[in-house]
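Peer 1:
There are 2 protein chains.
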Amino acid sequence: MKSTTPSRKTSRAAYLAHIPAAEAALRGKADRVTQPRVAILACLMSMDHAASHFDVAQALATHHPIDRVTVYRVLEWLVEKGIAHRIAGDDRVWRFMVGAPRAPVATHHQHAHFTCTDCGQTFCLDDVPTKFDFKLPSGFKPAEVDLKFRGRCSHCA
Amino acid sequence: MKSTTPSRKTSRAAYLAHIPAAEAALRGKADRVTQPRVAILACLMSMDHAASHFDVAQALATHHPIDRVTVYRVLEWLVEKGIAHRIAGDDRVWRFMVGAPRAPVATHHQHAHFTCTDCGQTFCLDDVPTKFDFKLPSGFKPAEVDLKFRGRCSHCA
DNA sequence: TGCTTATTGCAACTCAGTTTGTATTTGCAA
DNA sequence: TTGCAAATACAAACTGAGTTGCAATAAGCA
Numbered sequence: 561m562k563s564t565t566p567s568r569k570t571s572r573a574a575y576l577a578h579i580p581a582a583e584a585a586l587r588g589k590a591d592r593v594t595q596p597r598v599a600i601l602a603c604l605m606s607m608d609h610a611a612s613h614f615d616v617a618q619a620l621a622t623h624h625p626i627d628r629v630t631v632y633r634v635l636e637w638l639v640e641k642g643i644a645h646r647i648a649g650d651d652r653v654w655r656f657m658v659g660a661p662r663a664p665v666a667t668h669h670q671h672a673h674f675t676c677t678d679c680g681q682t683f684c685l686d687d688v689p690t691k692f693d694f695k696l697p698s699g700f701k702p703a704e705v706d707l708k709f710r711g712r713c714s715h716c717a
Numbered sequence: 561m562k563s564t565t566p567s568r569k570t571s572r573a574a575y576l577a578h579i580p581a582a583e584a585a586l587r588g589k590a591d592r593v594t595q596p597r598v599a600i601l602a603c604l605m606s607m608d609h610a611a612s613h614f615d616v617a618q619a620l621a622t623h624h625p626i627d628r629v630t631v632y633r634v635l636e637w638l639v640e641k642g643i644a645h646r647i648a649g650d651d652r653v654w655r656f657m658v659g660a661p662r663a664p665v666a667t668h669h670q671h672a673h674f675t676c677t678d679c680g681q682t683f684c685l686d687d688v689p690t691k692f693d694f695k696l697p698s699g700f701k702p703a704e705v706d707l708k709f710r711g712r713c714s715h716c717a
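From first to last, the protein sequence lines stand for chains A and B.
According to the numbering used here, the first sequence is numbered sequentially starting from 561.
According to the numbering used here, the second sequence is numbered sequentially starting from 561.
Following this line, the structure appears as structure tokens:
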């Protein structure tokens with residue numbers, strides 16, 4: 561078992577700093593604001609890139625160890641509640657990030673994903689201004705768009 | 561084990577009709593034109609939607625059974641040779657289609673993928689005329705784009 | 001036809017993720 | 001503070017996609 565995002569781990573300080581924000585974000589959405597939920601959400605918030613379940617579990621391992629099944633369940637629950645969203649990677653591993661899910665068609669500001677071919681990390685690029693001019697074959701009724709880039713990220717360029 | 565694309569299977573007639581074309585496509589690219597390669601490529605050619613390894617194996621099961629490992633290897637080999645390309649699905653399954661791979665950035669005609677939320681099938685939409693006007697955050701150097709739609713396909717609309 | 005070697009078939013394996021079940025803990029409200 | 005439902009921990013078994021190693025086969029060529 562190896563980390564899917566080897567470099568640039570979340571610092572513990574950054575994680576702790578996001579705990580209040582994580583709690584606040586959960587207050588409205590959750591019946592119960594539990595420690596694992598807060599910890600996992602704070603962990604996601606402190607990252608600038610998408611994290612796999614394993615990344616999350618490992619990031620919290622020393623400070624606040626959480627059962628891997630719970631990590632799975634909480635991450636799925638965060639997605640269900642619209643607090644986070646997940647991205648299918650090229651390596652069949654789900655990665656998670658805080659924020660809105662897939663963007664509806666016909667917005668001019670697109671939520672895009674950028675996967676670095678160098679360091680392997682996936683970033684969310686919010687508000688990518690794109691002008692779509694779709695001419696899909698007749699009969700195809702799109703509801704959502706996913707925009708995915710591959711290339712060099714700002715850290716590896 | 562369930563099929564990933566339950567409806568609208570490849571008919572055997574359509575598959576047989578594509579065998580000569582498949583052989584011709586392989587002649588230039590392959591050292592050896594083997595039966596599994598021809599069969600699998602003909603199978604891909606006869607489909608109008610993306611097929612998983614399992615779909616291919618199942619489609620050929622009765623007429624021309626091929627070991628599932630061979631299906632994996634041949635499909636990967638087809639991608640490597642530029643004869644087919646693969647798409648990462650939302651269910652952690654690779655799907656394959658004949659044709660060119662990912663489009664480079666800065667082309668105005670985009671090779672897009674459309675996944676139907678109803679029947680679950682993924683289609684390739686070639687030559688989708690899109691006018692991209694990317695403004696990625698500074699430092700991000702994109703090399704490839706993936707454009708992915710979700711919605712209702714022409715069969716389910 | 002026989003030779004050579006790429007390719008195939010088979011079996012066993014890895015790995016991410018899921019499921020189930022039970023005992024325990026904990027958030028929250030009465 | 002107490003009671004209770006919801007959530008977590010832990011263990012274990014399971015699923016399903018994809019991989020690896022090796023012996024057997026068959027495509028192309030002389």
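Cβ coordinates follow ideal geometry from the N, Cα and C atoms, glycine included.
(1) Are the region 650-660 of chain A and the region 677-685 of chain B touching, with three or more C-beta to C-beta distances below 8 Å?
(2) I want to see whether chain A comes within less than 8 Å of E704 (chain B), judged by CB atoms only; does it?
(3) Give a yes or no on whether 8 Å exceeds the smallest Cβ distance from T564 (chain A) to chain B.
(4) Would a C-beta distance cut-off of 8 Å place R628 (chain B) and H613 (chain B) closer than the cut-off?
(5) Output the boundary residues of the beta strand (DSSP E) element that contains V634 (chain A).
(6) Tell me the DSSP bridge mates of L707 (chain B)?
(7) Could you tell me the distance, in whole angstroms, from the CA atom of K708 (chain A) to the CA atom of K695 (chain A)?
(8) In angstroms, rounded to a whole number, what distance separates the CA positions of P697 (chain A) and H671 (chain B)?
(9) Please determine whether the Cβ atom of G642 (chain A) lies at a distance below 7 Å from any heavy atom of the ligand GDP.
(10) Less than 8 Å between CB atoms is the rule here; does V593 (chain A) satisfy it with respect to chain B?
(11) On the CB-based measure, 16 or more other CB atoms within 10 Å of its CB, does S571 (chain B) come out buried or exposed?
(12) Does the CB of C603 (chain B) have a neighbour CB from chain A at under 8 Å?
(13) Secondary structure at K701 (chain A), three-state DSSP: helix, strand or coil?
(14) Determine the closest residue to C716 (chain A) out of B:F700, B:T622 and B:C716, with distance taken between C-alpha atoms.
(15) What in chain B is Cβ-close to A648 (chain A), meaning under 9 Å?
(16) Between A644 (chain B) and chain A, is there a C-beta pair that is closer than 8 Å?
(17) Could you spell out the range, first to last residue, of the alpha helix (DSSP H) harbouring G597 (chain A)?
Peer 2: Inspection of the coordinates gives the following:
(1) With a cut-off of 8 Å, the region 677-685 of chain B and the region 650-660 of chain A do not count as touching, because too few Cβ pairs lie within range.
(2) For E704 (chain B), the answer is yes, since a Cβ of chain A falls inside 8 Å of its Cβ.
(3) Low confidence applies here, because T564 (chain A) scores a pLDDT of 44, under 50, leaving its location unreliable; read the following figure in that light. No, its Cβ sits nowhere closer than 8 Å to a Cβ of chain B.
(4) Taking the C-beta atoms as reference points, H613 (chain B) is found nearer than 8 Å to R628 (chain B).
(5) Segment R628 to E640 is the alpha helix (DSSP H) holding V634 (chain A); no beta strand (DSSP E) there.
(6) According to DSSP, which records beta bridges pairwise, L707 (chain B) is partnered with A:L707 and B:A672.
(7) K708 (chain A) and K695 (chain A) have their C-alpha atoms spaced approximately 19 Å apart.
(8) Spanning the two alpha carbons is a distance of roughly 13 Å.
(9) Absent from the structure shown: the ligand GDP. Ligands present: none.
(10) Closer than 8 Å: no.
(11) S571 (chain B) should be labelled exposed.
(12) Closer than 8 Å: no.
(13) Here DSSP, grouped into helix, strand and coil, assigns K701 (chain A) to strand.
(14) Of the candidates B:F700, B:T622 and B:C716, the one whose C-alpha sits nearest the C-alpha of C716 (chain A) is B:F700.
(15) Ordered by position in chain B, the residues that pass the 9 Å Cβ test against A648 (chain A) are A648, G649, D650, D651 and R652.
(16) Interface annotation, A644 (chain B): not in contact with chain A, CB-CB separation never under 8 Å.
(17) Just to set this straight, residue 597 (chain A) is Arg in the shown sequence, not Gly. Q595 to M605 is the span of the alpha helix (DSSP H), which, as asked, contains R597 (chain A).
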